[in-house]
Each structure stands twice: as C-alpha cells, then as structure tokens.
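>
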Amino acid sequence: MSVELITLGTAAGPAIRGPENGISSALVVGDAFYMVDFGMGCSRAAHEAGLRGKDFAAGFVTHLHSDHVVELPGFLLWNWGAPVDGFTAPVSILGPSKDATRPDGAALSGTSELVSHVLQAFSYDIDIRVHDEARPDPAALLRTVDLDTPAEGSPAAALPFDVYEDDRAKVTGILVEHPPVRPALAFRFDTDAGSVVFSGDTAECDALAVLATGADVLVHEAVNLDFYAGKGFAPEFLNHQQISHTPPEGAGRVAAAAGVGRLVLSHLAGRAEPEWWRTRAASTFDGPVDVAVSGQRFGIGSPVLSLA
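The numbering used here numbers the first residue of the sequence shown as 2 and each following residue consecutively.
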C-alpha cells in the first residue's frame, strides 16, 4: 500500500509573514488520507494536491491554538457531501480535551465543542444544503473525540498512548511541552509502508524522541528566535517563543535521539532562508534534513523520496 506525506502548509501563525500556507499536513495511505492540523489555506492546498473529501478518513488536532484549527470549519464545509466529492460516510476528528489546568478551563472548548460550535454557527447554511442539495447531515457523520490524555507529571505522561486505528494506520500520541497550552500533542502514524511522526508545537522534548523512536520521518516544528528578537517584540512574546518552541538545532537533537530516518522541518516560526534552517538542524542530526514548503510530497518507504 503506497503512503505519501504532503506538507500542505508549513508556516507558523497566526501572523502572515511569508508565502507559505498555515500549518497542515496530510498523510495519504492507499486510497484514503488523514489530516494533521487545519491551518489557513489547507482546504485549497488539499484540493490542489488531489485530495477529495470522499477519501477523508480522519483529522487530528495537535492543540487548540488558532493557527492549527482556524480552517477546520472551511475544510469540513468544503469537503462534505456528494456535490463537492465530499465525505458522505462517518469521519473522525480527534484532538485535545478541555484544559483542566486553567482556572476557567471548564468553560472553554475542547475539540468536540469546537466542532459542535462550528456546526451551530453554520446551521443556516447546513440546513439549506441538506434540504436543497440532498446532502447528509454533517452532525451525524462527524465523530468527534476529546482524547483522554495522561495527567501531566504522572509516569504515564512520558509514555505513548493509543489514539486511533483502522485497517490502514495505527495512530499513537504523547504529551509534548508547549506551555501554557495543555494538552499539546504529538502524533505517530504507523503503516505497512513506514511511520511518520508529527511534533505539533513543542519545546525540545524527551517525550517526543520516545514517540519517534525508529520512525521513518519526523515532521518537527522550528523557530528562529533571532528573527523575533531583532523585531523588537515584547519580552513576554519572546519568552513564549523560547520556552514553547524548538530551534532547528533542537529538532536535530530530537531526530538524532529517536534515530529517525529523515527530519522534515515545518511550522517555521520567523523568517530565514532555507539553508539557515537546514544547516542548523544538520549540525545535530546527520541524516537527511528537508525544509518543507507548502505542497511538498514525501514518499514513505525505502527510499523516502522528496518531491518539491
């Protein structure tokens, strides 16, 4: 069964600082595909990559920062129903639960409420299309799951846990470090052709190396701290970038510790030339390093092929 990684968007957000789409990736396994995060531009990028909603199996949200979910409404509404080659059978959307660490966390949405609020917000449009275009009720098709994650600080928090499985892929997750966002997740997809790990947003993190051990490809975020320091951002903003994200050298160290076959840098925060990102990651990881762009394709297997 063929497996292909497509980096639909590679930019951090929520600011627009360059030409790349917002963070989103697709993993195509045989005749189905899975999405990881839904950044700005992912709906068009998926369509241009040849992906159609009728082949959409499941979506995975690493955390609930807006730049990772802002186009989830658009992706669902643009890929639902037969008139747009969209899904007409159940699909799963899985992501973080409510943040129990925040004082008002119970009143804030987790993944399931995010999706249900989307359906309510677009209820007028949905009602018309159900009755006027013979589309199915999307609420009956969307299986939303707030993932039950280990308690932070517990021994289980450093271990992978089961997320999803079907006849094409098994997905496991682990908690990563992206303060103050909790829970923040990384995901690993294991298929017959190989394995791909998505870091989500994280500081350099031992747990991620555990999840990624022996993976064929690690898709890891990276930040250029000098870019922000040189722009005169507030100390609070600079502190967030430093404690919640990973410089490319750190991504290389995680890749080396995990023994992955290939490191793909994505979710690039701050601007720099591709060689800046690549050489810094390569200083700590001696395997292949790609600085991904929107729409880049990677065949998973032996060998892994990168097609810009």
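C-beta atoms are modelled at their ideal positions from N, C-alpha and C, and glycine is treated no differently.
#1: What residue ranges within the stretch 233-295 form continuous beta strand (DSSP E) runs of no fewer than 3 residues, ordered along the chain?
#2: Rounded to the nearest angstrom, what separates glycine 300 and aspartate 105 at their Cα positions?
#3: Buried or exposed: where does glycine 51 fall if 16 or more other Cβ atoms within 10 Å of its Cβ makes it buried?
#4: Alpha carbon to alpha carbon, how far is alanine 194 from alanine 257? Give it in angstroms, no decimals.
#5: Beta carbon of proline 275, beta carbon of valine 292: below 7 angstroms?
#6: Drop a sphere of 10 angstroms on the beta-carbon of serine 3, count the other beta-carbons inside from all chains shown, and report buried for 16 or more, exposed for fewer.
#7: Taking 7 angstroms as the threshold (C-beta atoms), are alanine 204 and glutamate 178 in contact?
#8: Can you grab the Cα-Cα spacing for the pair leucine 143 / alanine 152, in whole Å?
#9: Start and end of the alpha helix (DSSP H) containing serine 117?
#10: Glycine 260 and alanine 315 - do their beta-carbons sit closer together than 7 angstroms?
#11: Please identify the residue among Pro180, Asp56, Leu109, Leu219 whose C-alpha is closest to the C-alpha of tryptophan 81.
#12: Tell me which same chain residues have a C-beta within less than 7 angstroms of the C-beta of alanine 33, skipping the five on either side of it?
#13: So does tryptophan 81 have its beta carbon nearer than 6 angstroms to some heavy atom of the ligand HEM?
#14: So for aspartate 56, helix, strand or coil by DSSP?
#15: Could you have a look at glutamate 49 and say whether DSSP puts it in helix, strand or coil?
#16: Can at least three beta-carbon pairs, one atom from the stretch 129-144 and one from the stretch 209-218, be found at a separation below 8 angstroms?
#17: Tell me the residue span of the beta strand (DSSP E) that contains alanine 187.
#18: 7 angstroms is my cut-off, CB to CB: does glycine 40 come that close to chain D?
#19: Rank Gly42, Ala213, Gly154 by C-alpha distance to the C-alpha of glycine 262 and give the top, closest one.
#20: Could you tell me how far apart the beta carbons of aspartate 68 and glycine 23 are, in whole angstroms, since I believe they sit closer than 8 angstroms?
#21: In whole angstroms, what is the alpha-carbon distance linking valine 85 and alanine 12?
#22: In the DSSP assignment, find the alpha helix (DSSP H) that holds alanine 204 and state where it starts and stops.
Here's the rundown:
#1: Counting only runs of 3 or more, we get 263-270, 290-292.
#2: So the alpha carbons of these two residues sit roughly 44 angstroms apart.
#3: So glycine 51 counts as exposed.
#4: 22 angstroms
#5: yes
#6: exposed
#7: With respect to the 7 angstroms criterion, glutamate 178 and alanine 204 are classified as neighbours on the basis of their beta carbons.
#8: For leucine 143 and alanine 152, the gap between their C-alpha atoms comes out near 27 angstroms.
#9: 112-122
#10: Because the chain spans 2 through 309 in this model, residue 315 falls outside it and cannot be assessed.
#11: Asp56
#12: Answer for alanine 33: Asp56, Ala58, Arg169, listed in chain order.
#13: Summarising the ligand content, the structure contains no ligands, and the ligand HEM is consequently not present.
#14: helix
#15: helix
#16: Too few Cβ pairs lie closer than 8 angstroms, so no.
#17: 186-191
#18: The question asks about chain D, but that chain is absent: this structure has only one protein chain.
#19: Ala213
#20: 6 angstroms
#21: 27 angstroms
#22: Neither: alanine 204 is in no alpha helix (DSSP H) and is coded neither H nor E.
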